[in-house]
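Same order as they appear, the protein sequences are chains Y and D.
Heads up, the first sequence is in the numbering used here, so the first residue is 1 and it goes up one at a time.
Heads up, the second sequence is in the numbering used here, so the first residue is 1001 and it goes up one at a time.
Glycine is no exception: its CB is placed at the ideal position from the N, C-alpha and C atoms.
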Amino acid sequence: GAVVSQHPSWVICKSGTSVKIECRSLDFQATTMFWYRQFPKQSLMLMATSNEGSKATYEQGVEKDKFLINHASLTLSTLTVTSAHPEDSSFYICSARWDSNEKLFFGSGTQLSVL
Amino acid sequence: LAKTTQPISMDSYEGQEVNITCSHNNIATNDYITWYQQFPSQGPRFIIQGYKTKVTNEVASLFIPADRKSSTLSLPRVSLSDTAVYYCLVGNMNYGGSQGNLIFGKGTKLSVKP
Chain Y
1 GAVVSQHPSW VICKSGTSVK IECRSLDFQA TTMFWYRQFP KQSLMLMATS
51 NEGSKATYEQ GVEKDKFLIN HASLTLSTLT VTSAHPEDSS FYICSARWDS
101 NEKLFFGSGT QLSVL
Chain D
1001 LAKTTQPISM DSYEGQEVNI TCSHNNIATN DYITWYQQFP SQGPRFIIQG
1051 YKTKVTNEVA SLFIPADRKS STLSLPRVSL SDTAVYYCLV GNMNYGGSQG
1101 NLIFGKGTKL SVKP
């Protein structure tokens, strides 16, 4: 149980375009979802926290207008990287949890390459 | 946030038991200790979680001393497929906790050799 599906697994786009990444909890209702990014050989960095039906809370230094997060239902959150540039190239990972649970369940990640 | 400290890397051989210790001196009363495993180009995977004493599941054991200022992840009889980065997180997302269990440190890179 507790499966989180993330799509796409990888995406290549041109500079200036926008890219949407989907994160779905398949067998539980995710009251809270989290988005991380990870650069090569580095640890995961928390970008934002989203609760269903509420605006996302962004970590310091993360541009909310650049990384749009929508958590429209208890099973789906999306991250849109707007006007992507090469420096946005990274591995993006979502995770989800339900209330009272201290564990995080992660998606398989999305490798974004911006040319 | 409860800061965690782990060894940067560890080497082992197949069939050996591996123990990875995490220090968390300022752990709060309500904090849990959670370990995740990450393979390259994949999202982390939950391994084990505990609050005190000992927890065991089908893949690992977690030892937590009485003062809870450290914890040790024990992997019995490792294989090549256990080569990965292991992260220790400490916190509590409920009860107004510190949410330290959302913050990943550098982790421990375990290399298992044949």
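Exercise. So, helix, strand or coil for Y/Glu63, using DSSP?
Worked result: coil
Exercise. Residue range of the beta strand (DSSP E) that D/Asp1011 falls in?
Worked result: Ser1009 to Tyr1013
For this session: List the endpoints of the continuous beta strand (DSSP E) containing D/Trp1035.
Result: Tyr1032 to Gln1038
Exercise. Going by other Cβ atoms of all chains shown within 10 Å of its Cβ, with 16 needed for buried, is D/Pro1044 buried or exposed?
Worked result: buried
Exercise. For Y/Pro8, is the beta carbon positioned less than 7 Å from some heavy atom of the ligand FMN?
Worked result: The ligand FMN is absent from the structure shown, which contains no ligands of any kind.
Problem set entry | Proximal chain D residues relative to Y/Phe106, where beta-carbon distance stays under 9 Å | Tyr1036, Gln1038, Gln1042, Gly1043, Pro1044, Arg1045 and Phe1046
Exercise. Mind pulling the beta strand (DSSP E) runs of 3 or more residues that sit fully within the segment 9-80 of chain Y?
Worked result: 10-13, 19-25, 32-38, 45-51 and 67-73
For this session: Just the chain Y side, please: which residues come within less than 7 Å of D/Gly1107 by C-beta, in chain order?
Result: Ser43
Problem set entry | Cα-Cα separation between D/Ala1028 and Y/Ile12, rounded to whole angstroms | 43 Å
Exercise. Beta-carbon of Y/Gly53 versus every beta-carbon of chain D: anything under 8 Å?
Worked result: no
Exercise. Closer than 8 Å, CB to CB, is Y/Gly16 near chain D or not?
Worked result: no
For this session: For Y/Glu102, count neighbouring Cβ atoms within 10 angstroms of its own Cβ and tell me buried if that reaches 16, exposed if not.
Result: buried
Exercise. D/Ser1061: which of D/Val1018, D/Thr1004 and D/Ser1111 sits nearest, CA to CA?
Worked result: D/Val1018
For this session: Say whether the segment 27-34 of chain Y touches the segment 67-75 of chain Y, bearing in mind that this needs 3 or more beta-carbon pairs closer than 8 Å, one atom from each stretch.
Result: yes
For this session: Return the CA-CA distance between D/Pro999 and D/Arg1068, expressed in angstroms with no decimal places.
Result: Because chain D here runs from 1001 to 1114, residue 999 of chain D falls outside it and cannot be looked at.
Problem set entry | Bounding residues of the beta strand (DSSP E) (the contiguous stretch that carries D/His1024) | Here D/His1024 belongs to no beta strand (DSSP E), and DSSP marks it neither H nor E.
Exercise. Got a sec: which bits of the segment 1080-1096 of chain D sit with their beta carbon under 9 Å from any beta carbon on chain Y, in order along the chain?
Worked result: Val1085, Tyr1087, Leu1089, Gly1091, Asn1092, Met1093 and Asn1094
For this session: Please go through the same chain and pick out, in chain order, the residues whose beta-carbon is closer than 8 Å to the beta-carbon of Y/Ser18, but skip the five residues on each side of it.
Result: Thr80, Val81, Thr82, Ser83 and Ala84
Exercise. What are the residues of the segment 87-102 of chain Y that lie near chain D, defined by any Cβ-Cβ distance shorter than 9 Å?
Worked result: Phe91, Ile93, Cys94, Ser95, Arg97, Asp99, Ser100, Asn101 and Glu102
Exercise. Does D/Asn955 have its Cβ less than 8 Å from a Cβ in chain Y?
Worked result: Only positions 1001 to 1114 of chain D appear in the structure, and residue 955 of chain D is not among them; the question remains open.
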